[in-house]
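Visitor: Sharing a structure with you now.
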Amino acid sequence: GAQYAQLIARRVREHNIYSELVPHTISAASVKEANPAAIILSGGPASVLIDDAPTLDQEIYNLGIPILGICYGAQLIAQQLGGKVERESQGEYGRTTLNVTDSGSSMMGGVCESECTVWMSHFDCITEVPEGFIGTASSPNAPVAALESDSRKIWGVQYHPEVAHTDQGFELLGHFLKGLAEIQPSWTMDSVIDSSTQAIKELVGDGRAICGLSGGVDSAVAAALVHKAIGDRLVCIYVDTGLMRAGESEQVVATFEKHQGIELIHVNAAERFLTALAGVTDPETKRKIIGELFIRVFEETAATIEEAQFLVQGTLYPDVIESGTSATGKTAKIKSHHNVGGLPDDLSFTLVEPLRNLFKDEVRAVGTELGLPDEIVWRQPFPGPGLGVRIIGEVTPERVDVLQRSDLIVQEEIAAAGLTRDLWQAFAVLADIKSVGVMGDERTYAHPIILRAVTSDDVMTADWARLDYDLLERISNRIINEVAEINRVVYDITSKPPGTIEWE
Ligand code: XMP
C-alpha cells in the first residue's frame, strides 16, 4: 500500500540490483524459497498502532536476510521486535534535519556523518528501540529517526531515502544493498536481454509467435526482444487503421522490416475503418467501432499465420503489480483484454510477456540496447483509437489529412525545441466549430486546431505544459500558413482533472 513502493523498487534497480515488489502478507516460507539477498520494508499510509495494521510474518526477521525498514517499515521493525512506537502529536512532513547521534553507526557512518536534510512523512514515531538495537539518529519530532542491529542485520530509517529531496538518499540505499547486504550489482540491461532471450527460447521452443505492433515503445521492444530469441519464427502484425500520425506507419514498417529484419504483415485497413466511421460523431461509439474492427482485422490476419501458438504482449511491471499477479509467472492463457487493441477472451494463445519485470525507463533502455531508433524508443503515448478521438465530430479522410498535417508541425516544433522527452504528450486536435478570420484581404471561415501539451508522471493527473510563447507562436504561424484548411490555433490550458488529456 505504499505510495513510494514502486519508486523504491526502481531505485534498487538503478543500483544495478534486481528487485521485486511483494505484498506484506508474504510468508517466511515463501521468502525463504525466493531467497532474496536483501529485503526492504516500504512505508505505508497506515499506523502500526491500529488493530488491523499491516504486519509481517515475524519469522522473516529470523531468516538472517539483511532488512532495511523505511518509515512505516522501520516502525514495524521497532514494534514487532519489542520496541515502542507512539503517536507524536505533531509528526513531521517534508524537509527535516536529521542528526546522527551515534558516530559508530554502520548505516549512517557510510552516508551521513553528523547532520543532513531528509524527507519525512510520519505522524507516529519510534520512542524505544527493541533489545539488541541502537538508535543512531534523531530529528526534531522523531527521537529515533534511525535504528540498527548489526548482529541481526536489521536497519531502519524513519525518513524516505528513495525520494530525490533526501540528501544522500540514493547513497543510503546503495550502502545498505552493496555495503551492508554485500550484493554484487550485476543486473544490467545486457544481463536482462540475455536472461530474457534465454527464457523466451525455452518457452517458445520450436513454436511460432505473433506480435501486434502498435507503433508504441512497449510492443516494439517486446517484438525486438522476441525476435532476438526466436528469429524468423516471430511474425508481427501492424494494423494500419488510417488513424495514425503522419509518417508513423511508414516508420514502423521501415524500422521492423528493413532495419530489424522482422517479418511484418502490414495490414492497410484504412478504408475499412473510415467506412465504418462514416457519419459517426459520438466519441464512445467511435471508440467501440475502432476497437471492434481492430480485433476483427487482427484475428483475420492472425488466422493466416499457420501454427502460431504464442502471442507476444508488451505488458510492463506496473501493470503486473496493479493486477496483483507475480512478476516471475511468465505465462498465462489470455483471459483479460489486450493492452493495446483490446483483444477478446477466446483467443487461444499462450502469452509471451518479456517485459513483465520491467519499468518503462528500463524498457526504453532495452530498446536502445537492441538498436531501436530514438523515434520509437522515446515515442510519446498514443491512444489506441488514434486520431479518431482527436477529430471532434465526424472522421472523414479529408479531416484525417488536415489533422495529420497540423499534428506533424506540432511534432516537428516540439522536437526542434528538444521537448519530446519532457512532455508526456503534445498533439493537435481538430475541432468541429468554425470561426471567422482574415488572411490577406480575404475573409476566412474555417476550423481551428487545438494544441494540447501536458506534463505527467503517471497519467492519472496531468498539467498543461508552460510552453514558451515563441514556440507557441511558431506552431501557430506554421499551422495557419501551411495548412490552408485552418485559420486559428488555440492552446488548451486545462489540467487533468478536471479535463482529460484527450479531447474525446
Ligand atoms: P485521458 O484522455 O483519459 O488519457 O486523460 C489518458 C491516456 O490514455 C490515452 N488514451 C487512450 N489509450 N485507448 C488507448 O489505448 C483509448 O481509448 C484511449 N483514450 C485515451 C491518452 O492518449 C493518454 O495518454
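Heads up: the sequence shown begins at 1177 in our numbering, then just goes up one per residue.
Glycine included, every Cβ here is placed at the ideal spot set by N, Cα and C.
Based on DSSP bridge pairs, tell me the residues matched to Arg1664.
Guide: Pro1624.
Visitor: Helix, strand or coil for Phe1449, going by three-state DSSP, please let me know.
Guide: Helix.
Visitor: Any idea which residues DSSP pairs Gly1245 with across the strands?
Guide: Bridge partners of Gly1245: Leu1217, Gly1332.
Visitor: How would you write the range of the beta strand (DSSP E) that Gln1266 sits in, first residue to last?
Guide: Per DSSP, Gln1266 belongs to the beta strand (DSSP E) from 1260 to 1276.
Visitor: List in chain order: all unbroken beta strand (DSSP E) runs of 3+ residues lying wholly within the stretch 1406 to 1460.
Guide: Fully enclosed beta strand (DSSP E) runs of 3 or longer: 1410 to 1416, 1439 to 1444.
Visitor: Determine the extent of the beta strand (DSSP E) in which Met1296 is found, giving its start and end residues.
Guide: Run containing Met1296: 1291 to 1304, per the beta strand (DSSP E) assignment.
Visitor: By Cβ distance, which residues of its chain are closer than 7 Å to Ala1446, with the 5 residues on each side in sequence left out?
Guide: Around Ala1446: Asp1416, Thr1417, Gly1418.
Visitor: Just to check, is the beta-carbon of Lys1464 closer than 7 Å to a non-hydrogen atom of ligand 1?
Guide: Checking every heavy atom of ligand 1 against the Cβ of Lys1464, none is found closer than 7 Å.
Visitor: With a 10 Å radius around its C-beta and 16 neighbouring C-beta atoms as the bar for buried, classify Lys1329 as buried or exposed.
Guide: Flag for Lys1329 reads buried.
Visitor: How is the alpha helix (DSSP H) around Arg1532 delimited, first residue to last?
Guide: That residue, Arg1532, is in no alpha helix (DSSP H); it is neither H nor E in DSSP.
Visitor: Would Ala1592 be called buried (16 or more neighbouring beta carbons within 10 Å of its own) or exposed?
Guide: Exposed, because fewer than 16 other Cβ atoms sit within 10 Å of the Cβ of Ala1592.
Visitor: If you draw a straight line from the C-alpha of Gly1285 to the C-alpha of Gly1332, how long is it?
Guide: One C-alpha to the other measures close to 14 Å.
Visitor: Along the chain, where does the alpha helix (DSSP H) containing Val1188 start, and where does it finish?
Guide: That run of the alpha helix (DSSP H) goes 1181 to 1190.
Visitor: Since Ile1413 contacts Thr1477 with CB under 8 Å, what's their CB separation in whole angstroms?
Guide: That pair is a contact at about 5 Å.
Visitor: Under 8 Å by Cβ, that's how I've got Lys1404 and Val1565 pegged, so tell me the actual separation to the nearest angstrom.
Guide: Lys1404 to Val1565, Cβ: 34 Å. No contact.
Visitor: Is the beta carbon of Leu1244 sitting closer than 8 Å to the one on Ile1216?
Guide: Yes, they are a contact pair.
Visitor: Mapping DSSP to helix, strand and coil, what is Val1635?
Guide: Three-state result, Val1635: coil.
Visitor: Where does His1513 fall in DSSP's three states?
Guide: Reliability of the predicted coordinates at His1513 is poor, the pLDDT of 31 falling under 50, and no value is obtained from them.
Visitor: In terms of residue numbering, what span does the alpha helix (DSSP H) encompassing Val1489 cover?
Guide: Residue identity check: residue 1489 is Gln in the sequence provided, not Val. Note, Gln1489: premise wrong, no alpha helix (DSSP H); not H, not E.
Visitor: To the nearest angstrom, how far is it from the Cα of Ala1321 to the Cα of Tyr1335?
Guide: If you take the alpha carbons of Ala1321 and Tyr1335, they lie about 7 Å apart.
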